[in-house]
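K.L.:
Numbering (the UniProt record's numbering), first residue to last: 1 to 388. Even glycine gets a Cβ: it sits at the ideal position worked out from N, Cα and C. Model, not experiment: these values are computed from the prediction. Take a look at the following structure, please.
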Amino acid sequence: MTVSAPTPSQAAAPTGDRASEQRLVGVDIARALAIFGMFAAHVLVNVGELGWEPRTWDAIVTGRSSILFGVLAGVSVALMTGRTLPPSGAALVQARIRLMVRGVLIWVIGGVLDAFVHPVAIILQVYGVTFFLLVPMLRWRVRTLVTTALGLIVLGPLVGVGLRWLATKWDRWTPDSSQLFTMMVDGPYAGFLWLGLACLGLAAGRADLTARRTQLALLGGGVLGMIVGYGGSAWLGAGVTAEAYTAPPAPRDGPPVDFDVQDALAALLVAEPHSGSPTEGLGSSGFALTVLAICLLLPPAVARALRPVAAVGSMALTVYVVQILTLVWVDPLTTADNDVLVLATFAVVAMLLATFWSTFVGRGPLESLLRMAANAAASLGPRPSRVT
């Protein structure tokens, strides 16, 4: 008889979708807040400065909700690939296959929505690409992930300015290449920033999210990020005008138009929503870590009371797609008089349906589809060694 003992990471760390079955309720609550925040950003009619009225709360959620979603993408990858103990050997190969299949399917779903739904920018295509880019990082140390994340968040936008300038010199644009450029460099969900956010989330997920020490560290790091990002924006970007960070969109068959390098560099100092600036990246990723930490620090009784909210977060992809499809119908009907009612109705209906589905069915429909496809693909690869 031959004994082939699994390595510690293979034996102790849950891999694939088994890792996500033991759910962290706080993470699900944070995902739900990101979903509700993005819907609020799309629905609430912008009336100016933040105030006590709910319709002014778009000043909080615009930009920050999607960044929270981006950070949680990395957390989800960590939870699916061993949590604190990354897989190795055959288990690592399977984890990478699962992640790539999920990335492809999410990208396809985003592409379908983008082709037929036009009221909002779709986040899923960048989300899917991010899954692919995280594949080689699954065994990186937490310190390496954090360093990479900060480098991408701070230096990535500067590289993006250089690429945007070079793009004006390129004369062989096609609709496909222009769309890819916009998605990864010049769009509302710039690829450099998004990969940095996902790296940050992966680092958080590789720590023990159930440990109070980790939760407090996330809270402290999040507050520090907000101070540096938003404080730096208030100090360094005080003289930057709106024209510096408001540019016309790139045409589908050409490079960015009316691009001014000086204005683009000045815009990097301002933490405007969806600007992709270092100050926005630091401040809003700090906001995301703070929200995640607070959700993880909730007392058990409060977490149980928020079960309907957590149910939405447990099927975030399904609810996001339903949200986008709902916007097609409600967006033309939404005004400053009924926007809060539209938001509240969506939130209540989403919580009721998600609670019912999670109680009597389990995983969300799209989550089940991704899981089945990812597991089927991974089953074709090598299998981890077992004791025989």
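For Thr-81, name the three-state secondary structure that DSSP assigns.
P.N.:
strand
K.L.:
If you follow the alpha helix (DSSP H) that Trp-140 is part of, which residue opens it and which one closes it?
P.N.:
Where Trp-140 is concerned, there is no enclosing alpha helix (DSSP H), given that its DSSP letter is neither H nor E.
K.L.:
If I follow the unbroken alpha helix (DSSP H) through Glu-280, where does it start and stop?
P.N.:
278-297
K.L.:
Note the first and the last residue of the continuous alpha helix (DSSP H) segment covering Gly-274.
P.N.:
The amino acid occupying residue 274 in the given sequence is His; Gly does not appear at that position. Run containing His-274: none; DSSP gives neither H nor E here.
K.L.:
Just checking, does the region 267-284 make contact with the region 189-201 on the three C-beta pairs under 8 Å criterion?
P.N.:
Remark: three or more beta-carbon pairs, one from each stretch, lie closer than 8 Å, so the region 267-284 and the region 189-201 are flagged as touching.
K.L.:
Quick one, are the C-beta atoms of Val-312 and Ala-344 less than 8 Å apart?
P.N.:
no
K.L.:
So, under 8 Å CB-CB, Ser-233 and Val-270 are touching, yes? Tell me the CB distance rounded to an integer number of Å.
P.N.:
6 Å
K.L.:
CB-CB under 7 Å to Ala-41, same chain, minus the five flanking residues each way: which ones, in chain order?
P.N.:
Asp-58, Val-61, Thr-62, Ser-65
K.L.:
Straight-line CA distance for Thr-246 to Gly-156?
P.N.:
Residue placement at Thr-246 is flagged as unreliable, the pLDDT there being 47, under the threshold of 50; a coordinate-derived value is accordingly withheld.
K.L.:
Using a threshold of 8 Å, state whether the C-beta atoms of Val-106 and Leu-124 are closer than that.
P.N.:
Note that residue 106 corresponds to Ile in the displayed sequence, not to Val. The answer is yes: Cβ separation under 8 Å.
K.L.:
Considering only the alpha carbon of each residue, which of Gly-37, Val-25, Leu-44 lies closest to Thr-335?
P.N.:
Leu-44
K.L.:
What residue range does the alpha helix (DSSP H) around Met-351 cover?
P.N.:
339-360
K.L.:
Could you check which residue in Val-104, Phe-39, Arg-31 has the C-alpha nearest to that of Ala-377?
P.N.:
Val-104
K.L.:
What residue range is occupied by the uninterrupted alpha helix (DSSP H) comprising Tyr-320?
P.N.:
316-330
K.L.:
Starting from Ile-29, follow the alpha helix (DSSP H) in both directions and report where the run begins and ends.
P.N.:
25-43
K.L.:
Please identify the residue among Arg-363, Leu-297, Leu-236, Glu-272 whose C-alpha is closest to the C-alpha of Leu-317.
P.N.:
Arg-363
K.L.:
Distance, Cα to Cα, Trp-329 vs Pro-86?
P.N.:
As the crow flies, the alpha-carbon of Trp-329 is around 43 Å from that of Pro-86.
K.L.:
Nearest to Phe-36 by CA position, among Trp-165, Val-340, Leu-79, Leu-158, is which residue?
P.N.:
Val-340
K.L.:
Starting from Pro-188, trace the alpha helix (DSSP H) both ways and give me its first and last residue.
P.N.:
Taken as a continuous stretch (DSSP letters only), Pro-188 belongs to no alpha helix (DSSP H), as it is neither H nor E.
K.L.:
In angstroms, rounded to a whole number, what distance separates the CA positions of Ala-34 and Leu-72?
P.N.:
9 Å
K.L.:
With DSSP run on the structure shown, which of helix, strand or coil describes Gly-381?
P.N.:
coil
K.L.:
Hey, how far is the Cα of Gln-262 from the Cα of Leu-289?
P.N.:
32 Å
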